[in-house]
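Only one structure is covered here, and it is reproduced in the block below.
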Ligand code: SF4
Ligand code: SF4
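In my numbering, the protein residues as written are 2 to 487.
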């Protein structure tokens, strides 16, 4: 819009959206998109139904976000709330992975694996199946309402609604035992939050993937704005080789122009008609381009028919584009991909992953927390000794019951007992039974002869009596405490 348009009261401030009906295309990038789409949908829909035997005391769902029990289960890995740093680590890895992909191949995430792209693609295939390919869709869209048009629209919207409901439905199964929740859901016995979640996700999937489509990428998503900071002159993006395609001209005119007088582009618009965001890549890099490469497939097909080399539209970086314009040749793709920036991203990404794997393999599945009693901290007993108390939490993070020996180290004349014991049986240790996969709370008392005011450090150590899992990490847990005398 020009400045004149802004001050002209008759001009529109908002351009009405022209619906995009992309034509179906075949080719290597379309096949890659099919593969990624099938993989993403399969992972999303099937994962909650995978079973994983963790014994009788833990859920047997392979991937489960147990909000009530405050646990995250993923196959053999169980994450407790105190270990949230692993989830943070995964999120950081996802972020760095996105930086790596973007600096190497531009918006490949947007073009292939973003949920908005995957579901929009799925909805568009359903649309083609009901209404036909691009030309039939354009014709139907322009046609006045009739019984036939209404029937097609209702069929399409019903299928879209079914996909959207299945998408919303699959999400809730990540948060509870999937078979149990499914039968409760169908019987009307599921919690209200399950129905509300499915309703919200059904609505958002239908509206974002079915109706709003490319507008989400162009106007709503912040990622295209952020990613410009991650692209550099070596990042591969879908590019039109204008030096080769221009001046573009159509078949007969091209023949008349004579050899060498016209570019390779025959202005057939095949690249525009397959574009899911409806843009013309020949106008240069644009915010609307999600780098899906379908225009490469379309143009390669045209070039094949014209017996011209493929790659009039191609993955190319800015540096190579400039080189080609000056008559040079592009850098080999592997050299472009393996450059310092991408290697640093890859190294950071891999280091975090290896560090997480290392700590996951070596973490203890027993933990101890202690909070000292206040008000008063010190109690003088009838025999003249002084006593301190602590609330102890013992976390047994294994899916089997265990017995631990809780013992004191340090404070040589100290004696300890728990609220489940008689103080007359106090000693230097106590046996505690721990429920499987649960936190056991107890009150610990420690007494020692009175003495000069001050603090004396000591520790409590929890040591499981059952043999450790063969090859597993050490299982002792300890906590340093301070005994206070006043
Ligand atoms: S598909 Fe190729 S030849 Fe046809 S308009 Fe696009 S760039 Fe030109
Ligand atoms: S211009 Fe090409 S790569 Fe970009 S969104 Fe359209 S079809 Fe995909």
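Positions of the beta carbon are idealized from the N, C-alpha and C atoms, including for glycine.
- Within its own chain, the residues whose Cβ lies closer than 6 Å to the Cβ of residue 271, once the five positions on either side in sequence are excluded, are 299, 303, listed in chain order.
- The three-state reading of DSSP puts residue 469 in coil, since its state is none of H, G, I, E or B.
- DSSP, reduced to helix, strand and coil, places residue 281 outside both helices and strands of the structure shown, so it counts as coil.
- Per the DSSP secondary-structure output, residue 483 pairs in a beta bridge with 458.
- Rounded to whole angstroms, residue 44 and residue 417 show a C-alpha spacing of 53 Å.
- The three-state secondary structure of residue 58, taken from DSSP, is coil.
- With 16 or more neighbouring CB atoms inside 10 Å of its own CB, residue 55 falls in the buried class.
- Per DSSP, reduced to three states, the secondary structure at residue 94 is helical.
- Closer than 8 Å to some heavy atom of ligand 1: that does not describe the Cβ of residue 312.
- Using a 10 angstroms sphere on the CB of residue 146, the tally of other CB atoms stays under 16, which defines it as exposed.
- With respect to the 9 Å criterion, residue 357 and residue 91 are classified as neighbours on the basis of their beta carbons.
- Distance from the Cα of residue 88 is smallest, within the candidate group 103, 66, 70, for 66.
- For residue 270, there is no enclosing beta strand (DSSP E), as DSSP marks it with neither H nor E.
- Looking at the DSSP output, residue 444 sits in a beta bridge with 392.
- Contact between residue 138 and residue 132 is confirmed by a C-beta separation of about 5 Å, below the 8 Å threshold.
- For residue 241 and residue 160, the gap between their C-alpha atoms comes out near 37 Å.
- In terms of side-chain proximity, the C-beta atom of residue 294 is found nearer than 8 Å to a non-hydrogen atom of ligand 2.
- Remark: three or more beta-carbon pairs, one from each stretch, lie closer than 8 Å, so the stretch 345-357 and the stretch 96-113 are flagged as touching.
- The Cβ neighbour count for residue 410, taken over all protein chains shown within 10 Å, is under 16; the residue is labelled exposed.
- The DSSP-derived three-state label of residue 315 is strand.
- When the beta-carbon positions are compared, residue 21 and residue 215 come within less than 9 Å of each other.
- Taking each of 149, 175, 127, 184 in turn and checking the Cα distance to residue 162, the smallest one comes out for 127.
- Within 10 angstroms of the beta-carbon of residue 436 lie fewer than 16 other beta-carbons, which makes it exposed.
- The beta carbon of residue 282 sits closer than 8 Å to at least one heavy atom of ligand 2.
- Of the candidates 389, 395, 194, the residue whose Cα lies closest to the Cα of residue 424 is 389.
- Excluding sequence positions up to five before and after residue 203, its CB lies within less than 6 Å of the CB of 165, 166, 169, all in the same chain and listed in chain order.
- In the DSSP assignment, residue 196 falls within the alpha helix (DSSP H) that extends over 193-206.
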